[in-house]
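Residue numbers (my numbering): -1 to 316. In this text, a Cβ means the ideal position worked out from N, Cα and C, and glycines have one as well. Working notes, beginning with the structure itself.
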Amino acid sequence: MGVREIRFDPLGEYMTTVSVLIPAKNAATTLERLLTSLSRQTLRSLEIVVWDSASRDETPAIARRYGAKVVAIGEDDFDHAGTRSRMAREAQGDIALFLTHDAILADERAVESLVAALLQADDIGCAYGRQIAAPGASASARFLRDFNYPPVSEIRSLADRAHLGFATAFCSNSFAAWRKSALAQIGWFGDNAIFGEDSRAAARLLATGFRIAYVAGATVEHSHDYTMTEEFRRSFDIGVFHAREPWLLAEFGGPSGRGKRFILKQSGELLRAGKIGTLAATVGRNGVKALGYLSGRRYRLLPRRLCRFLSMNRRWWR
């Protein structure tokens, strides 16, 4: 059965604690807004834990001021996958809900809506929410969010790879809730990931028979206005991730089809709007991203010092 629009039932009575897990480093400028938005949520049984990676600002103090538990980890100990595996294992709740420190809940029902979707059926292992661009974000950042996070909810299974390909396993830990029991079956998030621990875990859940829910009604403000250099480095890391996880591409297909659809849709909208200058800049930006990705796919041919220079996640190369 293919993907179709889904309407999720309300949560109703839910007494089990949901563990909200936030990795943070020097996050003082955004963490307070996130914790404020969490304090307004309709779902009250929340354990909030901030995992602080040797912040040099007021991050730990802000977290404690809002009643969050703070777990300190060494600056060199953070790993996208390994740290999140530990966070989920040590969480008190049956549900591990991950947020990045710069994702701001858009309304007071965001967490409840996400958890409700996760609990719609026992075989839903993960539910992730919609991300919309933050106020003041660039047109490019807004388009990327609109493309990746449409206003229609859906539930995906492994069978959907026939027509969705790599997008079947798309997921983002910027705002995602996971059944801990499901994560335990797949070895949590694993470890040693330069990038993409969320999609890797989602793919493993799908391969195990679980389904993934995308919940358009659970929304956070979260976007980045990357420079050209940052676009290259992020894309380089994605390429490295795919090179190190060949089973993902073998199981779900490569990301090129979705990338082409993104470029065609973006270019078409700019042409219709008569924004030729913006279109030229966009073509250049997409070219930089493609170059970064292809370089990352071939990282084994490059000197390690060069890889570290080209990467956004430089600590991973130590």
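With a 10 Å radius around its C-beta and 16 neighbouring C-beta atoms as the bar for buried, classify residue i as buried or exposed.
{"i": "T57", "result": "buried"}
{"i": "H161", "result": "exposed"}
{"i": "M(-1)", "result": "Here M(-1) scores only 41 on pLDDT, less than 50, and its place in the model should not be relied on; the value that follows carries that caveat. Exposed, by the Cβ-count rule."}
{"i": "L237", "result": "Looking at the sequence shown, residue 237 is not Leu but Gly. That one is buried."}
{"i": "V318", "result": "Residue 318 is absent from the model: the chain starts at -1 and stops at 316."}
{"i": "W245", "result": "exposed"}
{"i": "N171", "result": "buried"}
{"i": "N311", "result": "buried"}
{"i": "T217", "result": "buried"}
{"i": "D223", "result": "exposed"}
{"i": "A25", "result": "buried"}
{"i": "E73", "result": "exposed"}
{"i": "S271", "result": "Note that residue 271 corresponds to Ala in the displayed sequence, not to Ser. So A271 ends up on the exposed side."}
{"i": "P148", "result": "exposed"}
{"i": "Q129", "result": "buried"}
{"i": "K287", "result": "buried"}
{"i": "S43", "result": "exposed"}
{"i": "G255", "result": "exposed"}
{"i": "G134", "result": "exposed"}
{"i": "V16", "result": "buried"}
{"i": "R154", "result": "buried"}
{"i": "G207", "result": "exposed"}
{"i": "L304", "result": "exposed"}
{"i": "F193", "result": "buried"}
{"i": "I20", "result": "buried"}
{"i": "A182", "result": "exposed"}
{"i": "F145", "result": "exposed"}
{"i": "F234", "result": "buried"}
{"i": "G127", "result": "buried"}
{"i": "S309", "result": "buried"}
{"i": "D75", "result": "exposed"}
{"i": "A119", "result": "exposed"}
{"i": "R259", "result": "exposed"}
{"i": "A59", "result": "exposed"}
{"i": "R177", "result": "buried"}
{"i": "G123", "result": "buried"}
To which residues does DSSP link residue i through a beta bridge?
{"i": "R54", "result": "In DSSP, R54 forms no bridge with anything."}
{"i": "L19", "result": "V47 and F96"}
{"i": "A70", "result": "D50"}
For the beta strand (DSSP E) containing residue i, name the first residue and the last one.
{"i": "R209", "result": "R209 to E219"}
{"i": "Y291", "result": "From DSSP, Y291 is part of no beta strand (DSSP E) but of the alpha helix (DSSP H) over I274 to R295."}
{"i": "F173", "result": "F173 to R177"}
{"i": "I122", "result": "I122 to I130"}
{"i": "R154", "result": "E152 to R154"}
How close, in whole Å, do the beta carbons of residue i and residue j come, if the pair is a contact with beta carbons under 8 angstroms?
{"i": "A319", "j": "L116", "result": "The chain is shown only over -1 to 316; residue 319 falls outside these bounds and no answer can be derived."}
{"i": "Q39", "j": "L103", "result": "7 angstroms"}
{"i": "D121", "j": "R209", "result": "5 angstroms"}
{"i": "G290", "j": "R202", "result": "That pair is no contact at about 26 angstroms."}
{"i": "A22", "j": "V48", "result": "5 angstroms"}
{"i": "L95", "j": "Y64", "result": "So it is not a contact: roughly 16 angstroms between Cβ atoms."}
{"i": "S221", "j": "R143", "result": "6 angstroms"}
{"i": "H99", "j": "L29", "result": "5 angstroms"}
{"i": "F320", "j": "A101", "result": "In the structure as shown, the chain starts at -1 and stops at 316, and residue 320 therefore has no counterpart that could be examined."}
Looking at the unbroken alpha helix (DSSP H) that takes in residue i, where does it start and where does it end?
{"i": "E106", "result": "Segment: none, E106 is in no alpha helix (DSSP H) and carries neither H nor E."}
{"i": "R232", "result": "M226 to R242"}
{"i": "R87", "result": "G80 to E88"}
{"i": "E30", "result": "A26 to S37"}
{"i": "R302", "result": "R302 to L308"}
{"i": "R270", "result": "S254 to R270"}
{"i": "A137", "result": "A137 to N146"}
{"i": "R298", "result": "Careful: R298 lies outside any alpha helix (DSSP H) and carries neither H nor E."}
{"i": "L203", "result": "E195 to T206"}
{"i": "H161", "result": "R159 to L162"}
Say the cut is 8 angstroms; is the CB of residue i nearer than that to a heavy atom of the ligand FAD?
{"i": "D158", "result": "Among the ligands in the structure shown, none appear at all, so the ligand FAD cannot be discussed."}
Measuring CB atoms only, is the stretch 77 to 97 touching the stretch 186 to 204, in the sense that at least three cross pairs come out at less than 8 angstroms?
yes
Using 8 angstroms as the cut-off, can you tell me whether the stretch 261 to 277 makes contact with the stretch 297 to 310, which would need three or more C-beta pairs spanning the two stretches below that distance?
Segments in contact, no.
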